Structure formats: structure tokens, C-alpha cells
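Number of protein chains: 2
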Amino acid sequence: MNITEAQEKFIQAWGTLGQQWGVNRTMAQIQALLLVAPEPLHAEEIMERLSISRGNANMNVRALIDWGIAYKEHKSGERKEYFRAEKDIWEVAKRVTLERRKRELEPIVKLLDEVKQITGDKNDPEIKEFELMVDRLDKFANKVDKSLEYVIRADEHWFLSTFMKAFKG
Amino acid sequence: MNITEAQEKFIQAWGTLGQQWGVNRTMAQIQALLLVAPEPLHAEEIMERLSISRGNANMNVRALIDWGIAYKEHKSGERKEYFRAEKDIWEVAKRVTLERRKRELEPIVKLLDEVKQITGDKNDPEIKEFELMVDRLDKFANKVDKSLEYVIRADEHWFLSTFMKAFKG
DNA sequence: TTATACTTTCAAAAAGTTTTGAAAGTTATT
DNA sequence: AATAACTTTCAAAACTTTTTGAAAGTATAA
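In order, the protein sequences belong to chains V and X.
Each residue of the first sequence is one higher than the last, beginning at 6 in this note's numbering.
Each residue of the second sequence is one higher than the last, beginning at 6 in this note's numbering.
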């Protein structure tokens, strides 16, 4: 396999994986392309390399930047904007974790708070079960939230340092 | 807010959250319904409560069972099948983690292995960058994989016991 | 064996998401 | 101020996923 084939394969597969992660295919493909590119690329290059339209390229590059996993870059003497990917995988993982925490965990906690105060006979089995479930979920969500906060704030290599000891390095 | 409104709100919101997790809306709604139900429900009840078709109900109940987060149940003297949700949230989290590991992590490792052996001039910047990236991703994926394996095998309350010490809780 | 009470399947329809590309917007240069 | 080089927007089209419901399948009881 030569380098072009390998890059192509990687980009396609990364796109497919992205979809399972709830990330749109093109966004993941652009990230993959920027990850394997030794130099920043501009819109035209991305469009050509992935055979996508200008609008699509623009939209998804912007999404990557919003997530904090790609950056705009300017080359002196050039008007074009260049883009590069964040290549520190731990940093990417941290960003993605933060983003998901915001999008997934915060709404759960908010929902549970709203739904916590219900009126009615506390001996009704429906009410008993509901309150039990809300309580269980709330405890869980708060534990996960605190744990994420902890690991995100900690050293970027937390995962290594916390767990790898168990595997002797 | 009365119990019916609260349940309704919870079910709808859980469905929306499910979508962001890559889980189909109806599957998440059925899970939510079964989570708040004090007794197991049968197909007819699920269809009616969520206003969905028989096929849709059947398909998504089956998916929940495949994921190991809901169970079939039989009531003696009844021909209908009843369904109940796994209500231990730690158990649900474990199952979901296992499922995602299989669907998301395993394909990455497989891809990286395939793409690792490329032919060409090792001084070509494209090749250098590519090999660097594959190596970084491979190390990361393997660390995450081993860590998940560890925490899944460990006590169900691993999350608590590993991190909560840091919060004196 | 036949009838009945249920569950499962699957092709077509509906709903939802992504992509396109032309037009509008922005900024830098002359 | 006008032009050129670029970026962004957005409505329509293409594509993907989900849902429906009627038909087929299965198991139990009489």
C-alpha cells in the first residue's frame, strides 16, 4: 500500500467512525485529512481532495474550529485562510469530552431538576418508582460530571497515570 | 406538575438525549418508559403510550434487549410477553460502554493495523506525518481500550471508588 | 388439526440530515 | 471608490434513517 492509498483509506474509515460518534461524515473526513497533512491546507485543497462543495467544506471546517480541534492559520503574503488540525490526541480527547459533557450531561441534570418536584400521593406506585428513578439518575449524572471535571482539570495524561499503574506501565 | 406530565417530559427528553448518543429516539423513549414503569409492560402498552406502530415497538424493544439493558418477562397464565428495563444505572452504563467499545474502538484499532505498513521513501514528509499520526492514534486507542477493560471488569462502583476519594466522598 | 393470540419481518412512505452551488457578504488591494 | 480574492449563507436536491402496517411466522390451547 502506498501513502496515497493509505491516506485515502484512513480518511474514509475515519469518516465512517465519525458517524457512529454522532459527528457528521464530512467533518470527520476533514479532520482526518488535516491530521495526516504535514502542512496546513486551504479550502480549495480540502474541496478537491474530498470531492465536496465549497459550502460543505466551509461549514464543516467551521464546526471543527468550534469544537476546538482545528485552527485557522494565515500564511504571510497570502490571502487564503489555511487550516490545521489539533494533532495532540489527548488535547482532542479533552475537547471532545468537554463538548459532549456540555451537550449531553448538562441537559440531563437540568431535566432531572425540573422533573423532581411532582405533586401527588407519595404512596402511588407510579410516583414512588418515578422518584426512585430520578434519584438514581441524578446521583449517577452528578458522579460522572464530577469525575469528568476532575480528569479534565488534571494532567493531560491522567488516563495514563490513573489507570496504567494497574498494568505496570 | 403531576406524575403523568413528569413521566411524559422525562420520556421525551430522554428520547432527544438518546439521539445525541447515536441511539434512535424511539429506542431511548421505550427505555425511559420502562425505567419509570413500576411493573413490566407489554407491546400493546408501549405502542399506545408512545403512539408508535407495532413494528417500531418490536424492533426497538429487541434492540434494547440486544444491548442488554431490557429484559423479556413472562407472567404466569398470560401469553403476552412483558418487558422491563434494567434499573441499575451502573449496569446500564457498563453495558453501553461495552457496546460502544465494540462498535467504535475495535474498528479504529483494526483500521490502524491495516494502514500501518506503507511502502515508500521514509523521508517523504507525507509518509513521516502519516506514520507519526497512526502511531499516536494507536497508542491512544490502546490505552483507552485497556482502561475500559480494567474499569469494566472492576467493581461496578469503580467510578466512585477511583475518583471520589479525590473529593473526600 | 385448526383456531387463536400473539410476535416478527419487510417494502414502501415519511421524516430527518447532509450536500450542493449560486448568490450575498466581507476584506484587502489598487 | 472600484475591483478582486476570498468566505459565508441558505434554499433546494440528494441521500439516509426511521416508521408504518399489512402479511408472514410461531406457539399454545382446544
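Backbone N, C-alpha and C define an ideal beta-carbon position, used for all residues, glycine too.
Here the structure is a predicted model, which is why all the values come from computation and not from measurement.
Item                                                                                                                                                               : Value
Answer yes or no: does any C-beta atom of chain V fall closer than 8 Å to that of X:K85?                                                                           : no
Just the C-alpha distance for X:W72 and V:G23, rounded to the nearest angstrom, thanks.                                                                            : 21 Å
Determine the direct distance from the alpha carbon of X:I74 to that of V:R158, and round the result to whole angstroms.                                           : 32 Å
Go through its chain and collect everything with a Cβ distance to X:V114's Cβ below 6 Å, but skip five positions before and after it.                              : A146
Could you tell me how far apart the beta carbons of V:Q25 and V:L69 are, in whole angstroms, since I believe they sit closer than 8 Å?                             : Between V:L69 and V:Q25 the Cβ distance is about 18 Å, and since that is not below 8 Å, they are no contact.
Apply the 10 Å Cβ neighbour rule to X:G20 and answer buried if 16 or more other Cβ atoms are within range, or exposed otherwise.                                   : buried
Are X:L38 and X:R89 close, meaning C-beta to C-beta below 8 Å?                                                                                                     : no
Run through chain X and tell me which residues come within less than 9 Å of V:L116, C-beta to C-beta.                                                              : K14, F15, A18, W19 and L22
Please report the straight-line C-alpha distance between X:K12 and V:K14, rounded to a whole angstrom.                                                             : The sequence shown places Gln at residue 12 of chain X, not Lys. Spanning the two alpha carbons is a distance of roughly 46 Å.
Whose Cβ in chain V lies nearer than 9 Å to the Cβ of X:E131?                                                                                                      : I8, T9, Q12, V41, A42 and P43
Can you name the residues that DSSP bridges to X:E86?                                                                                                              : X:H79
By alpha-carbon positions, which one of V:I132, V:T102 and V:R108 ends up nearest to V:Y155?                                                                       : V:T102
State yes or no: is the beta carbon of V:G82 nearer than 8 Å to at least one beta carbon in chain X?                                                               : no
Can you find a C-beta in chain X that's less than 8 Å from the C-beta of V:R158?                                                                                   : no
Does chain X have any CB closer than 8 Å to the CB of V:L142?                                                                                                      : yes
Would you report the Cα separation of V:H79 and X:R141, rounded to the nearest angstrom?                                                                           : 26 Å
Hey, how far is the Cα of V:N65 from the Cα of V:M32?                                                                                                              : 5 Å
I'd like to check one pair, V:K85 with V:H47: are the Cβ atoms closer than 8 Å?                                                                                    : yes
In chain order, what residues of the same chain have a beta carbon less than 7 Å from the beta carbon of V:R54, not counting five sequence neighbours either side? : L38
Applying the criterion that 16 or more other CB atoms from any shown protein chain within 10 Å of the CB defines a buried residue, is V:P130 buried or exposed?    : exposed
To test your reading of the DSSP string, which unbroken alpha helix (DSSP H) runs of 4 or more residues are found completely within the region 64-150 of chain V?  : 94-105 and 111-121
List the whole-angstrom C-beta distance separating V:F52 from V:A62, where the pair is believed to meet the contact cut-off of C-beta under 8 Å.                   : Note on identity: in this sequence residue 52 of chain V is Met, with Phe being the wrong assignment. Right, their Cβ atoms sit about 5 Å apart.
Output yes or no for whether 8 Å exceeds the beta carbon distance between X:I8 and V:I123.                                                                         : yes
Report all residues from its chain with a CB closer than 7 Å to the CB of X:K121; omit the five preceding and five following residues, and keep chain order.       : V139
Between X:E1 and chain V, is the shortest Cβ-Cβ distance under 8 Å, so that the two count as touching?                                                             : Within the shown structure, residues of chain X are numbered from 6 to 174, placing residue 1 of chain X beyond reach of any answer.
Measure the C-alpha to C-alpha separation of V:Y87 and V:E104 and round it to an integer number of angstroms.                                                      : 24 Å
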